[in-house]
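The structure appears below as C-alpha cells.
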Amino acid sequence: MRTTRSRAVSGDSDDDDAPQTFMFQGKAYESYQEMVNAKRQRNQDVLASSGLLGAKAAIDDAVLEQKAAKAASRGLKRSKAPREPLPRRKSSRLQGVAASGIYVESELAAGKVVVAGGLYTPNDSEEESKFFNDRINDGSDLTVSEAVELCGSKWSKEGTVEAAEQFMKQSLSDITKTFSSTSSRKGSPDSVRSVPGKSITSKTLQSNLNALSLESDTCVAKVTPERIYSVACHPNPNHIIACAGDKRGHVGIWNVDQYGAEAKQEDESSSDGVHLFKPFNGAVSSMTWNQSGTSLLAASYDGSVRSFDVEKQAFKEVFATYSDDDVYKDKLGYNLHGGYRSWLQSLELDHRFGSECFFLSTSEGSVMHVDLRSKRKVTFDQTLSERKINSMSLHPNGYTMATAGLSTVVQLWDIRSMSDSKSKKPKPLAWQNVGKSINSAFFSPSGKRLLTTTMMDHLDILEDAHLASGLIKTPKTRIKHDNRTGRWLSTFMARWHPASFSGEEIFVSGSMKKPRTIEVFGGNGSLLREIRGIALTAVASRCCFHPSAEKLIVIGGNSSGRLTIAR
944 MRTTRSRAVS GDSDDDDAPQ TFMFQGKAYE SYQEMVNAKR QRNQDVLASS GLLGAKAAID
1004 DAVLEQKAAK AASRGLKRSK APREPLPRRK SSRLQGVAAS GIYVESELAA GKVVVAGGLY
1064 TPNDSEEESK FFNDRINDGS DLTVSEAVEL CGSKWSKEGT VEAAEQFMKQ SLSDITKTFS
1124 STSSRKGSPD SVRSVPGKSI TSKTLQSNLN ALSLESDTCV AKVTPERIYS VACHPNPNHI
1184 IACAGDKRGH VGIWNVDQYG AEAKQEDESS SDGVHLFKPF NGAVSSMTWN QSGTSLLAAS
1244 YDGSVRSFDV EKQAFKEVFA TYSDDDVYKD KLGYNLHGGY RSWLQSLELD HRFGSECFFL
1304 STSEGSVMHV DLRSKRKVTF DQTLSERKIN SMSLHPNGYT MATAGLSTVV QLWDIRSMSD
1364 SKSKKPKPLA WQNVGKSINS AFFSPSGKRL LTTTMMDHLD ILEDAHLASG LIKTPKTRIK
1424 HDNRTGRWLS TFMARWHPAS FSGEEIFVSG SMKKPRTIEV FGGNGSLLRE IRGIALTAVA
1484 SRCCFHPSAE KLIVIGGNSS GRLTIAR
C-alpha cells in the first residue's frame, strides 16, 4: 500500500506555510508518526488473524521447557562430590623459601620418571601396594560389596551397595534357579532351551525381526563408565539380564525390566536396574554366561579370568597368568605371562564340558586350554600365530577350532593334535588369506558356516570350512561392509544367534550407517533387518542376541558405556 504526502492548495505563493498531510490506505494523517503507527497496527492485525503469533508462542514455550528439563539419563549416574577451595598459589622465591633442588634425571616407559636432587627424599609410605600386573588383588575372591566399592565414589552413592547385594542375592538368584532347573549343564552351543509351539520358526522369523523396536528411551541405559569391549546376556528366556565389560575393568549388569518398577518410586538414587562392579583392572575383553546361567565368566587384559558364581555370590579368580618367579610356582598360570605386552584377548567356553573348561587366546598369538575340573591344569599352551589372536571358535564337533587375528589369516586347527609340549608345533588343517587384520571368526550353531569380520571391509561366510584342507581361496558369500570404526570405537565383531530357527541361521553386526543402525543378516548373507530408532544414537560396536529361541532380542553396546535393547 503506497503512502502519499500532499499540501493544501492556496493562492498564496509562499508554499512553506501550506499544511502537510500523509495518506495511508485512503486516510489522511496530520503527522508522519501517526501514519507509521497506523502501519504497525495494520501489521499486528494481519499477524493475529493469520495465527502465526500463536504458533510462535507455542514453539517458544516448548523450547523453554526442553531447556529447563534435565536430559534423560538412565542407568549409571556420576556422583559429583563438592570441591573444596584450594589454597592460593604463592611464590616460594618471594617468600624466601629455599628451592628443593629436585629435578627430572631421566624418563622411563609408561610415563615414569627418575627424580634426583639433594633435598628430595621419597616417601615410601605413600606408595600403594601393587599386585601382580596391577591386578585388583592377590587373586582372592571378591564379594559383591567389595566389587561395588572398588568402582570408587564417583559411581557409588548411598544405597548402591545394598541395592547390588539385594539384586544379586534375590532377583538374579531367583532368575537363575528357575532357568537352571530346566536346562542342561552340558551340550553344544545350539542346544538352547526350546519349548515346542513357542520357538520361532523360519516362517515367523522375518515378522519377528520386523517387530524389533528402538523407539522407546527405556531401551537404553548407561551400564559402564567407559568404552564397552564385551557384551553378554543371561540365557533365561523370561528375563533380560544384559551384561557389559568396559575398558577399565568394570562389569555392568542391567536388569532391563526392573526399570518400570523403579520409575514409579521416583527415587533419585535409582539406577534403573543397573549395577556396577569392578573385578578387574584391565579391559574386559570377553564375557559369557554358562549354559545353565549359574556363572558369568570374564577375561581381562590384566591376565586374569574371574567367574561370578550366582550361588556363592562372589567374583572368584579361576585362572590368571604369572611370571616365572618362584613366588608363583604353585599358581595354575605359572610362567604363562609374557610381559607387559601380553594380555588375554579372548575367551571361549569348551562346550564339551560346560563352564569347567575354556580356551584363552593372547596378544602374543598363543592359545591355551584350561581345565578346572579335579586336577586343575592347563591342558595345552600353543603358539598358533606370530601376532595377536582376536578370536577363537570351537566347532560343534568338539575338535575343530578357528582362530583369527592380526596375522591376516583365518586358520582351522584340530585341537586333538595339540599337547602341553611347546616343542611340537601343530599345523593348520586349512586357512584363508584375507589381506588385513581379522576382528573375529565364529562358527554358526550348526557348524556349517564360519563368519569372519575383516578390516578389508567384508563380512565373509565360509561354508563347511571344518571339512576343508589347505588354502581356501574364496568365501562362499562376501558382504561389503564398512568396518572402519577408527581409533575411539570398539571394532565390529559379527556374531551368530546361538539358536537356529528351523534350519535358518542369523547373525548381527554393528554398522557405520547414518542414522545409526544395527544390522541383522541371514546365513546366506541377505540383509534381513536394519534396526533404527530414537534409542540408538551412537555406533553399537559390540552386539549379541539373547540366547532364547522363543523370542528375538538384540543387544548393542557402544563406546560411551551404553547398552541398547531392541525387542
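Residue numbers for the sequence shown follow this note's numbering, so the first one is 944 and each next one is one higher. From the three backbone atoms N, C-alpha and C, an ideal C-beta is built for every residue, glycine too.
Selection GLU1307, ILE1404, GLY1429 and SER1034 evaluated against LYS1416 yields ILE1404 as nearest (Cα-Cα).
Bridge pairing for GLN1354: THR1346 and TRP1374 [DSSP]. If you draw a straight line from the Cα of GLU1048 to the Cα of VAL1058, it is about 6 Å long. DSSP places ALA1483 in the coil class of the three-state scheme, outside both helix and strand. Excluding sequence positions up to five before and after THR1322, its CB lies within less than 6 Å of the CB of HIS1312 and ASP1314, all in the same chain and listed in chain order. Contact annotation: the region 1214-1222 touches the region 1105-1112, with at least three C-beta pairs closer than 8 Å. Bridge pairing for VAL1163: THR1507 [DSSP]. Non-local C-beta neighbours of VAL1087 in its own chain, meaning closer than 7 Å and more than five positions away in sequence, comprise ALA1107, GLU1108, MET1111 and GLN1256, ordered along the chain. With a cutoff of 8 Å on beta-carbon distance, THR1395 and ALA1384 are scored as near each other. Between the beta-carbon of ILE1477 and that of ASP1160 there is about 7 Å, and that keeps the pair under the 8 Å contact cut. Relative to MET1230, the option among SER1266, VAL1253 and ASP1189 whose CA is nearest is ASP1189.
Spatial neighbours of GLY1348 in its own chain (CB-CB distance under 8 Å, excluding positions within 5 residues in sequence) are listed in chain order as GLN1288, SER1304, GLY1308, SER1328, ARG1330, LYS1331, ILE1332, ASN1333, SER1334, SER1380 and ILE1381. The bridge partners DSSP lists for ASN1198 are ILE1184. GLN963 and SER974 have their alpha carbons spaced roughly 8 Å apart.
DSSP places HIS1338 in the coil class of the three-state scheme, outside both helix and strand.
Per DSSP, MET978 lies in no beta strand (DSSP E) segment; the continuous alpha helix (DSSP H) that holds it begins and ends at 975-993. When beta bridges are read from the DSSP output, LEU1239 appears opposite TRP1232 and PHE1251.
With at least 16 other beta carbons inside 10 angstroms of its own, ASP1324 counts as buried.
The alpha-carbon separation between ARG1017 and GLU1105 amounts to approximately 19 Å. Take SER1503, set aside five residues on each side of it, and the residues of its chain with a beta-carbon closer than 7 Å to its own are ALA1481, in chain order.
Sorting MET1361, THR1343, PHE1464 and GLU1447 by C-alpha distance to the C-alpha of ASP1407 places THR1343 at the top. Taking C-alpha positions only, LEU1152 is separated from ARG1472 by approximately 6 Å.
The alpha-carbon separation between LYS1272 and HIS1489 amounts to approximately 41 Å. When rounded, the separation of the alpha-carbon atoms in SER1452 and ALA1483 is 8 Å.
Linking GLY1465 to TYR1172 through their CA atoms gives a straight-line distance of about 25 Å. When the Cα atoms are used, GLY1446 and SER1387 turn out to be separated by approximately 11 Å. Annotation: the continuous beta strand (DSSP E) that includes ASN1382 extends over 1381-1386. Here the alpha carbon of LYS1259 sits roughly 52 Å from the alpha carbon of SER1035. If you look at ASP1117, you'll find it in the alpha helix (DSSP H) that goes 1116-1123. A residue is called buried when at least 16 other Cβ atoms come within 10 angstroms of its Cβ; GLY1500 meets this threshold and is buried. In the DSSP annotation of this structure, the continuous segment of the alpha helix (DSSP H) that includes VAL1091 starts and ends at 1087-1092. With contacts defined by Cβ atoms closer than 8 Å, THR1397 and ASN1426 form a contacting pair.
SER1238 counts as buried, since no fewer than 16 other beta carbons sit within 10 angstroms of its beta carbon. In the structure shown, the three-state DSSP call for ALA1257 is strand. ALA1107 is bridged by DSSP to nothing; it lacks a bridge partner. Here SER1173 carries a strand assignment [DSSP, helix/strand/coil].
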